[in-house]
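The UniProt record's numbering puts the last residue of the sequence shown at 448; the count rises by one with no breaks. What follows is a set of notes on a single structure, which appears directly below.
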Amino acid sequence: MPIFQNVSPTLEASKQPAIGLIGMGEMGKMYAKGLSEAGWKRINVCDQPSKFEQLQQQMQGTPGITVMKDGHLVSRSSDFIIYSVEAEFIDKVVAEYGPSTKVGAIVAGQTSVKAPERAAFEKYLPEDVHIISVHSLHGPTVSTAGQPLVLIRHRAPEWALHLVEDILRPFNSRYVYLSYEDHDRVTANTQAVTHAAFLSMGTAWQNSGVYPWEGEALYVSGVEVVKVNITLRIYASKWHVYAGLAILNPHARIQIDQFAKSTTELFKIMLSGDTEALKNRVYEAREKVFHGNRANNKPPILLSEALLNQFSLGKNADASRATPNSHLSLLAMVDSWASLNIDPLAHLELAGTPVFRMWIGVAEYLFSSTERLDAAIEAAIGDVRHRSDDLEFTVAARGWSQCIAFGSFKLYEQRFMDTANFFAPRFQEAAKVGAKMIQAISQSPAAK
Ligand SMILES: NC(=O)C1=CN([C@@H]2O[C@H](COP(=O)(O)OP(=O)(O)OC[C@H]3O[C@@H](n4cnc5c(N)ncnc54)[C@H](OP(=O)(O)O)[C@@H]3O)[C@@H](O)[C@H]2O)C=CC1
Ligand SMILES: O=C(O)C(=O)Cc1ccc(O)cc1
């Protein structure tokens, strides 16, 4: 029997469902703030009991919010509960608070990887509660409007799904309906492998010992600006988010391994000096991924020159001085999509995070122009100035793939923080440009 039907924030408090948020880090706070602003009046939140007083202070004066000491109190008093905790800890946290869930409540998780969340819910939640999970496919600093919000109806009647839709409607996100299994498959193809590319760029630049936009200024074009800014954006974020979705997603390892393989194989062809072999391989990948040379000399679909050139790097950036880059990271990305028969444009519809949108956008920008692609191939074979950077990138891609296959959160954290510390002095500056870029691409016609 439906307990709530057609609810909206305009109802008086006693008729509204109580919403519970367990874990008040970046995503928990974003949800708390958004739900409060929407007018929901019964929002119960908690973080670790040790942070109770601090959280009370932070939430003081936020309408509709009640800060509770722990997840037991939130679970027993809420009708829709979202766990927004680290994927690594979801089992432990649900084991602790899950059995306290109110009879008939709906439980969700915000974790970026769903296999461990599903296992924890099935193991610890009582039979008389429903499971409908969620995943906002964007970070906490991005506006929720228009972004994909995955809803996973796993164990719940129809009315429960409508209730969740009603509660989250004020975010104005775009609902995407997936199963737990499909969620992990799709996000491995989009998020996990994309992050591997950016993590590798960061590690490679760190090991080269220069900020790429300050070296010989080889890298100043629009594509480079995207690469650098997204890399810095990722390294400025919490390592556990990226570690969780790479290490715990059963599908991710295969994609990340293929990316390292593609990088190594392309680099070996570059070393051999065989332009024809490189051209054949790259063009074959282009054919497969971008559907038969669709964009040859036609305007790019996602990113335009004008959009890319809005953003610049460093003080002396002068795009006219840009020399063609081998773009090994982009060649390898498209090669690995081709090798695994992944259609990234189809995935963009389902699970296009802003970072993935940027990445596929620059890949398409490069591959949509024969002139640009041939210049990259020529640079890869003929311009030895790129060799040392490409070598570092190859080593870094392999290193990240091995680290993720090894499955150690500690090792991942060490690698990640080592590179993050190298870039930290530039985070503030990059965050501003990164935010503008994400906004611009979210508003580009192709994003609608
Ligand atoms: N950040 C992002 O861009 C996105 C993240 N996600 C996912 O959302 C989840 C949360 O991420 P995010 O908010 O960024 O991470 P944060 O680290 O900012 O927040 C997680 C919070 O949960 C708290 N927590 C841990 N254990 C408990 C517990 N037993 N009871 C109550 N609170 C607890 C943590 O405390 P402590 O720090 O002390 O451990 C922390 O405050 C992750 O699974 C992530 O993958 C999803 C979409 C986007
Ligand atoms: O856009 C991206 O890929 C990000 O890096 C932000 C992000 C991180 C984790 C998620 O679960 C969803 C989005």
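All residues carry an ideal CB built from backbone N, CA and C; glycine is no exception.
Check	Outcome
Which same chain residues end up closer than 7 Å to T394 when comparing Cβ atoms and leaving out the 5 residues on each side of it in sequence?	T263, T264, F267
Leaving out the 5 sequence neighbours to the left and right, which residues in its chain are closer than 8 Å to I234 when beta-carbon positions are compared?	H195, F198, L199, G202, Y242, V355
Mind reading off the beta-carbon distance from E392 to N207? Whole number of angstroms is fine, and I expect it under 8 Å.	5 Å
Report the residue ranges of all alpha helix (DSSP H) runs contained in full by the segment 209-246; include only those spanning at least 4 residues, in chain order.	222-235
To the nearest angstrom, how far is it from the Cα of I377 to the Cα of D257?	23 Å
For H195, which of helix, strand or coil comes out of DSSP?	helix
What are the partner residues of Y177, as DSSP defines its beta bridges?	L151
Identify which residue in R415, V113, Q402, A285 has its Cα closest to the Cα of L366.	A285
Just to check my reading of the structure: P116 and I90 have Cβ atoms closer than 8 Å, yes? What is that Cβ distance to the nearest angstrom?	5 Å
So, helix, strand or coil for N296, using DSSP?	Bear in mind that a pLDDT of 47 at N296, under 50, signals an unreliable position, so the model cannot answer this.
Please state whether the Cβ-Cβ distance between P17 and I230 is less than 8 Å.	no
Using the three-state DSSP reduction, which class does H347 fall into: helix, strand or coil?	helix
Alpha carbon to alpha carbon, how far is Y124 from F290? Give it in angstroms, no decimals.	44 Å
Determine contact between the segment 8-22 and the segment 142-154, defined as no fewer than three beta-carbon pairs at a distance below 8 Å.	no
Report yes if the C-beta distance between Q255 and A188 is below 8 Å; otherwise report no.	yes
So, for V176: in the same chain, excluding its five sequence neighbours on each side, which residues have a beta-carbon less than 6 Å away from its beta-carbon?	P148, V150, L350
Take E224 and list the residues in its own chain whose beta-carbon comes closer than 6 Å to its own, dropping the five residues that flank it on each side.	none
For V129, which residues in the same chain have their Cβ closer than 8 Å to its Cβ, ignoring the five residues on either side in sequence?	T101, K102, V103, G104, A105, I106, V107
Taking the runs of the alpha helix (DSSP H) that are 4 residues or longer, which of them lie wholly in the segment 58-111?	71-77, 90-97
When DSSP labels each residue in this structure, what does I3 get in the three-state scheme?	coil
On a CA-only basis, which of K69, M270, N309, K261 is nearest D389? Give me that one, please.	M270
Identify the residues that DSSP records as bridge partners of H135: which are they?	V150
Quick check for students: name the residue ranges of the alpha helix (DSSP H) that lie wholly in the segment 387-435, counting only runs of 4 or more.	387-406, 409-423
Note the first and the last residue of the continuous alpha helix (DSSP H) segment covering I167.	158-168
Do A396 and residue 460 have their beta-carbon atoms positioned less than 8 Å apart in this structure?	Beyond the ends of the chain as shown, which are 1 and 448, falls residue 460; an answer cannot be given.
Are the beta-carbon atoms belonging to P9 and G28 less than 8 Å from one another?	no
Helix, strand or coil: how does DSSP classify N341 here?	coil
Once the 5 residues before and after V192 are set aside, which same chain residues still bring their CB inside 7 Å of it?	Val is not the amino acid found at residue 192; the sequence shown has Ala there. For A192, where only same-chain residues beyond five positions count, the Cβ hits under 7 Å are L245, A246, N249, A252, Q255, I256.
Which residues in the same chain as M417 place their Cβ atom closer than 8 Å to its Cβ, once the five residues preceding and following it in sequence are excluded?	W239
Is the shortest distance between the beta-carbon of K51 and the beta-carbons of chain D less than 8 Å?	Judged by its chain identifiers, the structure shown contains no chain D, having just a single protein chain.
At the level of alpha carbons, what is the spacing between D79 and E96?	18 Å
Quick check on the burial criterion: 16 or more other C-beta atoms within 10 angstroms. Buried or exposed for E364?	buried
Taking the alpha helix (DSSP H) that G34 belongs to, which residues open and close that run?	26-38
Within a Cβ cutoff of 8 Å, which residues of the same chain sit near I441, ignoring the five residues on either side of it in sequence?	L302, L303, L307, P354, R357, M358, G361, A447
Please work out which residues of its chain come closer than 8 Å, Cβ to Cβ, to D383, disregarding the five sequence neighbours upstream and downstream, and give them in chain order.	T323, P324, S326
Do you know offhand how far N293's Cα is from D374's?	Reliability of the predicted coordinates at N293 is poor, the pLDDT of 46 falling under 50, and the value obtained from them is presented with this limitation in mind. C-alpha separation (whole angstroms): 14 Å.
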